[in-house]
Amino acid sequence: MTNHLPQDAAENSLWGATAIANPVSRQLQESLQADVLIVGGGYTGLSSALHLAAKGVAVVLLEARSIGFGASGRNSGLVNAGIWQTPEHVRKQLGEEAAVRFNLALRDSPALVAELVSRYGMACDLQQTGTVNIAHNAAAMKYLEDRCRQIKELGSAVELIDGETASALSVSPVYRHGGILDPAASTIHPLNYARSLAQAALGLGARLFQESGVEGLTRQNDRWLATTALGQVSAEQVIVATNAYADPNSPQVRASTVPLFIFHCASEPLAADVAAGIIPKRQGIWDTQTLLTSSRIDAGGRLVMSSVGRLRGWQRAIRENWMTRSRDWLYPQTRGLEWDYRWSGQIGITSNKILRVQLLAPGIFAPAGYNGRGIGTGSVIGKHLAETIVSGNREDFPFPIEALYREKRRGLRAAYYNYGSLALQFLQRR
Ligand SMILES: Cc1cc2nc3c(=O)[nH]c(=O)nc-3n(C[C@H](O)[C@H](O)[C@H](O)COP(=O)(O)OP(=O)(O)OC[C@H]3O[C@@H](n4cnc5c(N)ncnc54)[C@H](O)[C@@H]3O)c2cc1C
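Take -13 as the starting number for the sequence shown in the working numbering and just add one per residue.
If you want it as structure tokens, here you go:
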């Protein structure tokens, strides 16, 4: 294989350890024809494959490693609506009309995930208990009040909650100022959602392959020809869904985002009463700290926490120790708890913090840059790409389609995220 995807050998992921069987086992070893070729087996590629196959389109999906190898198999599993930025930010970046389409398309993304889970009977621990964007200090409430107002204006059923309600949902001496409860959001087992999407797509006739990284994509007789180590696929249109995990074989997608790593620590399984003493109703919690920290309880009763950084080499201990100190600060009742699993993954940041769909060449779509909000987003984009490809009408596609784009000073900015977070983690809460 010629892929050089980042993988931290020393990491062990809770999601990998508790995953359902991978429904895809084949490596491409033949020459195939398809209407649409999809490169990348994360949510974007899998949702595209599922929705295209459901419309009777002949689809082949090629994944370089394994289904969910990228961000889709490593994330925190908070199925939130919209993007990290506010609806007004989107308006400023895209203009009024495009922003309305963009914001509305992502407003109901948790509902699409829930619908897919229910329609295809997916075994991915979807807990429809909502998520809380929680304030870590009083000053943060001003931002959250404004954010809540904007989201409500889109027609979402979010609620501004007071300090008492916040600390009842997330039992913490820090989280006592309030937050935004989104009852329509949920938590999920991220890798099992990816594998379930693959299972559903296979059931609809899509052809999925692993260990089949695309090494070249060339134009031949009005079609695109993708080559892998042992096979090839000829297709009319292509979705390059490699996003932040784009390998050197998709340099344009790679260049379109700046990598930022997020890591997780997951505890030993907690007795039901102990888990109930942390997040009693099992909402996903994400806070307003500079180093945004999320907390949730998974189906196995483990406390799963995440924040910024990569677990690699000598940086690993600094980050893990910081997470333990953060946990003791946020939830002192968990002092002494062991971490059983630790892992990290990378997200793709864009300068304007808004995802982009690049048109790499006529007939090649490349959505990327979800800026850390991709479970609902990837599912929604896959659905809309399928509709656009089938109808041939780009007018109704709710996301801007751009020409090629390169993020500037990628290496420098990635280093800033990495070492900036590390410095803070070295110093904070000692
Ligand atoms: C640690 C972490 C925490 C996160 N937490 C959340 C969260 O709580 N909520 C949320 O909504 N989002 C979260 N995200 C973001 C979300 O996981 C991503 O936005 C989403 O998974 C992106 O899906 P994707 O299909 O576009 O890309 P990916 O899942 O990254 O898939 C891309 C795939 O392309 C493959 N690939 C690369 N090159 C090739 C090639 N040449 N040929 C074939 N295949 C190739 C890769 O192997 C990879 O599997 C988080 C991300 C991370 C990393």
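Heads up, the beta-carbon is just placed ideally off N, CA and C, and yes, glycines get one too.
Owing to the predicted nature of the structure, the values given are computational and were not obtained by experimental measurement.
Counting other Cβ atoms within 10 Å of its Cβ, P73 reaches 16 or more and is therefore classed as buried.
If you check the C-beta of R268 against ligand 1, you find no heavy atom less than 7 Å away.
If you check the CB distance, R305 and Q414 do not come in under 8 Å. Taking 7 Å as the cut-off, one finds no heavy atom of ligand 1 near enough to the beta carbon of Y405.
Judged by pairs of C-beta atoms under 8 Å, the region 48 to 59 touches the region 167 to 182, as three or more such pairs exist. In this structure, ligand 1 has a non-hydrogen atom nearer than 7 Å to the beta-carbon of G360. Taking C-alpha positions only, I248 is separated from T214 by approximately 30 Å.
The closest heavy atom of ligand 1 lies 7 Å or more from the beta carbon of D273. For the 8 Å CB-CB criterion, R209 and E222 form a contact. The Cβ-Cβ distance between I69 and I340 falls below 8 Å.
Not one heavy atom of ligand 1 is found less than 7 Å from the C-beta of I225.
Annotated three-state conformation of C251 is strand, per DSSP. Of the residues F195, L36, S407, the one whose Cα lies closest to the Cα of G368 is L36.
With a cut-off of 7 Å, the C-beta of L398 is classified as distant from ligand 1, since no heavy atom of the ligand falls inside that distance. The C-alpha of A241 is placed about 12 Å away from the C-alpha of L346.
Inter-residue distance for R77 and A91 is about 14 Å (C-alpha atoms, whole angstroms). Under the rule that a run must span 3 or more residues, the beta strand (DSSP E) segments found entirely inside the region 291 to 340 read 325 to 335. The region 120 to 135 makes contact with the region 148 to 163, as at least three CB pairs between them are under 8 Å. Judged by their CB atoms, V290 and R282 are nearer to each other than the 8 Å cut-off. A direct Cα-Cα distance of roughly 11 Å separates A212 from V46. A Cβ-Cβ distance of about 4 Å is found for the pair L183 and L32, placing them in contact under the 8 Å criterion. Residue burial is scored here from C-beta neighbours: A124 has fewer than 16 other C-beta atoms within 10 angstroms and is therefore classed as exposed. Going by beta carbons, A171 and V103 fall outside the 8 Å limit. With a cut-off of 7 Å, the C-beta of V65 is classified as near ligand 1, since at least one heavy atom of the ligand falls inside that distance. Rounded to whole angstroms, the gap between the alpha carbons of Q136 and L130 is 10 Å.
Linking A186 to G360 through their CA atoms gives a straight-line distance of about 19 Å.
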